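Each remark here refers to the structure printed beneath this line.
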Amino acid sequence: MRYSSRTIARLPADCAPPRAGGKTVYKLVRTSRLYEQIVQQIEESIVKGDLKAGDQLPAERDLAQRFGVSRTAVREAVKALREKGLVEAYSGRGTFITDGTTQAVRQSLDLMVKIGQPEGSTHLAEVRAILEPEIAALAAVRIQEPELTTMREAVAAMDRAGQDPETYIEADLDFHLALAEGAANPLILSLLDSIVGLLREQRLRIFRVPGGPERGQIHHKRILDAVERHDAEKAREAMRSHLSQVRDDSQAPAAKRAPGKHAAH
Ligand SMILES: [Zn+2]
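In terms of the working numbering, the sequence shown is residues 326 to 590.
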């Protein structure tokens with residue numbers, strides 16, 4: 326889990342109960358469905374600061390027991406919380422309280438990218454190119470052992486990923502976010518987190534370019550090495566090369582053949 330910011334998620338305005346009387350056009354709705362009560366309680370915990378960005382929600386079974394409801398109700402509650410952007414589920418790792426600002430930025434950027442296709446992802450790649458080399462340089466100075474461990478694990482996971490794009494892409498995200506976490510600036514982390522998750526399609530395309538994942542790994546290992554040695558200049562350079570490799574590979578034609586393979590006649 327990469328959220329280290331302690332910003333408490335602000336609740337959407339529509340969470341406030343509608344006022345009765347006056348000029349309010351909305352009627353009081355009293356459908357207190359089970360899952361809504363769970364959502365409300367979790368929201369209250371976030372507002373009070375009992376639950377903070379980065380905290381993991383207990384497993385579905387535990388929550389069901391705690392609230393004395395069915396797992397279906399819990400599932401619905403988690404779904405509603407996700408739609409509100411208050412929690413985020415990571416496959417295999419669980420559900421976590423999000424930093425509301427990250428979510429808000431991500432949603433706006435996501436929309437901008439979708440509206441601005443196909444230039445949208447080019448613009449995002451530009452933002453990465455501006456941010457990430459400096460992130461790498463900062464991280465080289467500030468990174469702590471836990472983030473280094475995450476980076477090493479991510480590199481190992483990408484080595485093991487083989488033909489499985491999901492594993493590779495997840496680990497790739499982990500790698501870049503751990504580095505941003507290493508820069509020890511929650512705003513930077515929040516910004517990068519909003520951006521890198523949006524580039525899944527681009528990552529999938531690169532994964533399918535012959536040699537793409539292997540080329541990526543060469544750069545990941547160089548970045549990791551530089552950061553481990555606390556060499557800011559090398560880390561910055563290695564990240565620059567990685568991003569230009571990403572740019573080249575993402576523009577590579579789909580029919581590109583791996584070196585050494587025979588072209589179709
Ligand atoms: Zn990468």
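For glycine and all other residues, C-beta sits at the position ideal for the given N, C-alpha and C.
Just so it is clear, the structure is predicted and the values come from calculations on it, not from any experiment.
Roughly how many whole angstroms lie between the Cα atoms of ASN510 and LEU516? 10 Å
Under 7 Å: does the beta carbon of PHE532 sit that close to some heavy atom of ligand 1? no
Assumed close pair ALA462, ARG572 - CB separation to whole angstroms, cut-off 8 Å: Not a contact, Cβ separation roughly 20 Å.
Buried versus exposed, by CB contacts within 10 Å (16 or more), GLY541: buried
Which residues share a DSSP beta bridge with PHE421? GLN381, GLU413
Alpha carbons only, please: which of VAL412, GLU457, GLN365, ALA384 is nearest the one belonging to LEU504? GLU457
Only counting runs of 4 or more residues, tell me where the alpha helix (DSSP H) segments fall wholly within the stretch 496 to 563, in order along the chain. 511 to 521, 525 to 533, 537 to 553
Ends of the alpha helix (DSSP H) at SER370? 359 to 373
For ligand 1, I want to know if ASP497 counts as a neighbour, meaning its beta carbon is within less than 7 Å of at least one of the ligand's heavy atoms. yes
Minimum C-alpha distance to GLU408 - residue among THR423, ARG418, SER395, GLY419: THR423
Which one of GLN570, ALA563, ASP556 has the shortest CA to CA distance from GLU539? GLN570
Take ILE494 and list the residues in its own chain whose beta-carbon comes closer than 8 Å to its own, dropping the five residues that flank it on each side. ARG525, ARG528, LEU529, PHE532
Near LYS404, what residues of its chain come up, given a Cβ to Cβ distance below 7 Å and the 5 sequence neighbours on each side ignored? none
Look at the alpha carbon of ARG547 and the alpha carbon of GLU413, and state the distance between them as a whole number of angstroms. 31 Å
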